[in-house]
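In our numbering, the protein residues as written are 1 to 99.
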């Protein structure tokens with residue numbers, strides 16, 4: 001959600017994921033890249049929101065390279081690791097891609 005004040009970013013992301021979980025329309029997949037992989041790992045303050053989305057059928061994918069870079073591979077709590085190749089394939093074969 002951009003750069004800036006860390007606390008504000010955490011509030012915005014938590015609110016976004018909560019509202020997405022309450023929305024009648026859901027994405028098919030959410031891909032977590034770069035430091036965003038921390039959102040689906042142990043210690044994340046948004047795990048409940050992400051878990052709710054997953055329970056509603058939204059596929060959660062976390063970049064394997066990013067998990068390895070941040071030494072979070074063993075801390076992944078929600079979703080599955082994925083490759084950049086799979087992320088690219090999802091994007092080019094989807095009708096809608098939101099970044």
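For glycine and all other residues, C-beta sits at the position ideal for the given N, C-alpha and C.
Delimiting residues of the alpha helix (DSSP H) encompassing residue i
i          : result
residue 75 : Premise fails: residue 75 is in no alpha helix (DSSP H) and is neither H nor E.
residue 18 : 6-22
Residues bridged to residue i [DSSP beta-bridge criterion]
i          : result
residue 59 : 29
residue 41 : 76
Rounded Cβ spacing between residue i and residue j (contact assumed at less than 8 Å)
i          : j          : result
residue 52 : residue 44 : With a Cβ gap of about 13 Å, residue 52 and residue 44 do not count as contacting.
residue 62 : residue 40 : 5 Å
residue 46 : residue 27 : That belief does not hold up - the Cβ atoms of residue 46 and residue 27 are roughly 16 Å apart, past 8 Å.
residue 76 : residue 31 : Contact flag wrong, Cβ pair sits at about 14 Å.
Selected residue, minimal CA-CA separation from residue i, among the options
i          : options           : result
residue 20 : 50, 32, 77 and 97 : 50
residue 42 : 89, 11, 71 and 12 : 71
residue 64 : 55, 82, 48 and 78 : 82
residue 56 : 17, 6 and 12      : 17
residue 34 : 15, 87 and 12     : 87
residue 80 : 14, 36 and 60     : 60
residue 69 : 77, 23, 36 and 29 : 36
residue 78 : 9, 10, 22 and 54  : 54
residue 48 : 5, 15 and 29      : 15
First and last residue of the uninterrupted beta strand (DSSP E) at residue i
i          : result
residue 82 : 80-82
Where residue i sits in the DSSP three-state scheme
i          : result
residue 70 : coil
residue 93 : coil
residue 46 : coil
residue 3  : coil
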